[in-house]
Amino acid sequence: MDKAHRHEELEEESAKPFGLMGYFLTPGELMHACEKLKNAGYKHFDAQTPFPVHGLEKAMGLPPSKMPWIVLSCGATGLLSAIALTWFVSVDYPLVISGKPSFSWQAYIPIMFELTVLFSAFGAFFGMWGINRLPMFYHPSMKHPSFPRATDDAFFVTVEAKDPKYDASKTKKLLEELGAREIVEVTE
Amino acid sequence: MTTAALQEDTPGKRAPLVLGHRDFNAVTETVAGIVEKKTTPTWLVLLGVAMSVLLILLGSLGKLVADGLGIWGLNNTVFWAWDITGFVFWIGIGHAGTLISAILFLFRQKWRTSINRAAEAMTIFAVMSAAIYPVFHVGRVWFAYWLFPIPNQMSMWPNFKSPLLWDVFAISTYATVSILFWYVGLVPDLATLRDRAKTKVRSIVLGIFSLGWRGSHKNWLNYEKTYLILAGLSTPLVLSVHTIVSFDFAVSIMPGWHTTIFPPYFVAGAIFSGFAMVVSLMVLARKAYGLEGLITIKHLENMNKIILLTGTMVGYAYAIEYFIAWYGGNEYERFAFINRAFGPYKWAYWTMWSCNVFSPQLFWFKRIRTSIPAMFVISIFVNIGMWFERFVIIVTSLHRDFIPSSWTYFRPSLFDISTFLGSFGLFFTLFLLFLRFLPAVAISEVKGVMPQADPHAGHGGHDDHGHDAHDDHHEEASAKADESNEDEGDEGEEASNDSEKDEEESRG
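Chains as they are written, first to last, in our numbering: chain B, 1 to 188; chain H, 1001 to 1508.
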């Protein structure tokens, strides 16, 4: 056994498995597979699809997204900052126009609206990447030889090794039964 | 038989959104192919032209900064003319992008998917072209930051009771949210391009911009919710922006400006001109890049229907202004409107009527609505007409004000014209760069509205189906798609019939 080969083998031994990955060619098959995995008691599995397959979250048993709460709190912050800003400005540098009170809040409604929207949008944008743990420039699932198809036309399913029910051979067999193609164990 | 006739609605059945045997991979190939192909000489020539016009803009703005606002044809009476006209014109153009991507998304209008990306890009570039005017018409550009509420050495704050400051907030929020919305939509498609990248540099650059997107469904779940929320935020935002732009006029006491119809009337006009610009651009882009199968006649027809609707609304607003001028009994108001139609600017006024109210009425006829040359010409007319609308509102109200001794006739100077012309250079330079380097059609969204994307399609209930049979079908479809892909123009009678058949099969 030459040196290089041995080195490779050692590396393979030391690398921890991330999970089993396989893919389907239609969203229907993927959904069916996710349902079966959920029913078999798997908790840590994910689907990777080129577009959002509607209804898949039910098949996978995922809880609803927390995004609305993040956006709501950011929007409220935006509204409060607009009120604080316009109040402070009209007290700090009073401009008397048509004898109206300094803090004539009706005139500030456009400002309050715009800042509410602006803060909500920032909350939605950054909150989404935060929840999704992105940007992430490397992920084990990208090691699958056919991974590029996940953003093109293949519907992947990944069962993670950290799942208590994970068993390399049994899980592989289950995926095979479900009709997954090119089932590969990817390492971390 | 023309293609248009073939795609007619069959009663009770929707026209297909994607034509010509496409499977998921074929959509990727078509759209990503545009970006990955070599630069065409036509594109280079067009970019050269656009950049030359951009240079005219830079020259005009340089002259403005050096010499001051005196280089424009403004005078004491008409103190606001082509600058605010150009600003409102460009902001209005921008609105269609947000409308297509946000309002049509909320209404679950699936036909928006193949045009929303380009329309959103158009929005951003139009807002950038618009932003030139408020920034430069302050004259001393280096003081433009006075518009923002930033603590300064004079401990002065801007006037928050002024519509011009509301504008600062509205436009900057609109620009920011549009860019965020656009970028969120781009990320999955950038990931597609990254995974197809052939060179190291390309894959690193796209890798950075796609943020490591890997299509995880847990991510999609939050992503879709975010997209929905952003659409929900953009919808009132887009309406508020043009409402606030109209406040710039309506809050004043100038006859012809001081009307409550302005906010809805401006919003309708903005949608009108924006859709006209989308039609003008899409007609050219689909031809240039062989996107006829994705941006179908049906898409264009739907947009033309919106142009017809909003054009009629704008016509109604023109008419009701006369009614109010008469019924309101204010003689200055009455004079302003008679002066518009029969005064020295009647040529501009009647150009506005013919382009905005009369020309889109031709869209009542299906033949015209679905004819590419006709819709292109009408959309250009609408763009011209909407520029004139803003010009008429602004200049005709100002040029004969309350004191007849100060009445004047506004003539644009060379620099008024060159600045406006130049703003087209900026817009088209950016748009051409967008078409060349970014996916012009939202790949992942188009895939999502294809009949194959329905997880329950193809077979009744997913339990009782052999996988092999399905795979064969897939391979066959993909081979067919490759064939039709090679010959891009191939979407005649056969292709369209077959795709309908396919759809029927997949539903049955």
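All C-beta atoms, glycine included, are put in the ideal place defined by N, C-alpha and C.
Bear in mind that the values here come from a model prediction, so they are computed numbers and not experimental data.
Please state whether DSSP places residue i in a helix, a strand or coil.
| i | result |
| --- | --- |
| E182 of chain B | strand |
| S146 of chain B | coil |
| D1189 of chain H | helix |
| H1299 of chain H | helix |
| V1135 of chain H | helix |
| E1292 of chain H | coil |
| H139 of chain B | coil |
| S1252 of chain H | coil |
| M1051 of chain H | helix |
| N1159 of chain H | coil |
| S1413 of chain H | coil |
| V53 of chain B | coil |
| Y93 of chain B | coil |
| P64 of chain B | coil |
| I1150 of chain H | coil |
| W1072 of chain H | coil |
| W1080 of chain H | coil |
| R1390 of chain H | helix |
| T1039 of chain H | coil |
| H1258 of chain H | coil |
On the DSSP bridge assignment, give the partners of residue i in chain order.
| i | result |
| --- | --- |
| L20 of chain B | B:V159, B:E185 |
| A47 of chain B | B:V157 |
| S1216 of chain H | B:Q48 |
Which residue from the options puts its Cα closest to that of residue i?
| i | options | result |
| --- | --- | --- |
| F1024 of chain H | B:P50, B:M21, B:K58, B:A107 | B:P50 |
| H1095 of chain H | H:I1056, H:L1237, H:S1216 | H:L1237 |
| W1072 of chain H | H:S1444, H:S1413, H:V1449 | H:S1413 |
| A1191 of chain H | H:R1022, H:T1199, H:S1203 | H:S1203 |
| C74 of chain B | B:G123, B:A40, B:E188, B:A33 | B:G123 |
| H1122 of chain H | H:S1178, H:G1422, H:K1038 | This sequence places Met at residue 1122 of chain H; His is not what is there. Of the listed residues, the one whose Cα sits closest to M1122 of chain H is H:S1178. |
| T1408 of chain H | H:N1076, H:F1428, H:A1288 | H:N1076 |
| F1262 of chain H | H:S1240, H:V1283, H:N1383 | H:S1240 |
| L1233 of chain H | H:N1383, H:G1207, H:Y1174 | H:Y1174 |
| F18 of chain B | B:L174, B:L175, B:V159, B:L178 | B:V159 |
| E1389 of chain H | H:Q1109, H:K1305, H:Y1289, H:A1270 | H:A1270 |
| Y1349 of chain H | H:W1387, H:F1125, H:R1022, H:Y1223 | H:W1387 |
| W1353 of chain H | H:V1382, H:E1333, H:F1365 | H:V1382 |
| R1196 of chain H | H:V1141, H:L1104, H:A1285, H:S1210 | H:S1210 |
| P1163 of chain H | H:V1187, H:N1152, H:I1244 | H:I1244 |
| V89 of chain B | H:V1392, H:S1155, H:S1359, H:A1231 | H:S1155 |
| L1206 of chain H | H:L1438, H:K1037, H:S1216, H:A1442 | H:L1438 |
| N39 of chain B | B:K58, B:M21, B:M128 | B:K58 |
| W1082 of chain H | H:T1098, H:I1100, H:G1062, H:Y1133 | H:Y1133 |
Give a yes or no on whether 8 Å exceeds the smallest Cβ distance from residue i to chain B.
| i | result |
| --- | --- |
| I1229 of chain H | yes |
| T1098 of chain H | no |
| L1556 of chain H | Absent from the structure is residue 1556 of chain H, since the part of chain H shown begins at 1001 and ends at 1508. |
| F1136 of chain H | no |
| H1217 of chain H | yes |
| K1037 of chain H | no |
| G1212 of chain H | yes |
| Y1145 of chain H | no |
| P1188 of chain H | yes |
| G1448 of chain H | yes |
| M1254 of chain H | no |
Distance cutoff 8 Å, beta carbons only. Does residue i sit that close to anything in chain H?
| i | result |
| --- | --- |
| V186 of chain B | no |
| L174 of chain B | no |
| V89 of chain B | yes |
| I83 of chain B | no |
| E57 of chain B | yes |
| H139 of chain B | yes |
| V71 of chain B | yes |
| D167 of chain B | no |
| N39 of chain B | no |
| L80 of chain B | no |
| M21 of chain B | no |
| G61 of chain B | no |
| F219 of chain B | No answer is possible for residue 219 of chain B: it lies beyond the span of chain B, which begins at 1 and ends at 188. |
Quiz prompt | Minimum length 4: unbroken alpha helix (DSSP H) runs contained in the stretch 1324 to 1367 of chain H | solution = For the stretch 1324 to 1367 of chain H, the full-length alpha helix (DSSP H) segments reaching 4 residues or more read 1331 to 1342, 1346 to 1353 along the chain.
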